[in-house]
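Residue numbers (my numbering): 48 to 116.
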C-alpha cells in the first residue's frame with residue numbers, strides 16, 4: 048500500500064519505490080531505500096511529513112504515493 052495510507056506514529060518498512068529512474072534516485076538520495084524504515088509524523092491535505100534516517104522530510108501526496116510500504 049502507498050505511504051499515504053500509513054498511520055501517523057507507526058513505523059513502516061519500505062517495500063518498493065515506483066516511478067521513473069530519476070524519481071527513484073531522487074527519493075533514494077533523500078533516504079527512502081527498499082528495506083528502510085519510515086514513520087509518518089504528520090499529514091496535512093494529503094502532504095506528509097515523515098521521519099526517515101533520523102531526518103524529517105516533507106513529501107507531496109504524489110511523491111508519497113510512489114513509496115510502497
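Just so it is clear, CB atoms sit at the ideal spot from N, CA and C, and this is done for glycine as well.
Below-7 Å beta-carbon distance, residue i vs any chain C residue
i	result
residue 94	Included in the structure is just one protein chain, with no chain C present.
Inter-residue spacing [alpha-carbon to alpha-carbon] between residue i and residue j
i	j	result
residue 87	residue 80	16 Å
residue 54	residue 60	13 Å
residue 94	residue 68	22 Å
residue 106	residue 100	15 Å
residue 112	residue 74	12 Å
Three-state class that DSSP yields for residue i in the structure shown
i	result
residue 70	helix
Exposed unless 16 or more other CB atoms sit within 10 angstroms - verdict on residue i
i	result
residue 65	exposed
For the region 51-109, list the beta strand (DSSP E) runs that are entirely contained and at least 3 residues long, ordered along the chain. 58-60, 84-91, 94-99 and 102-106
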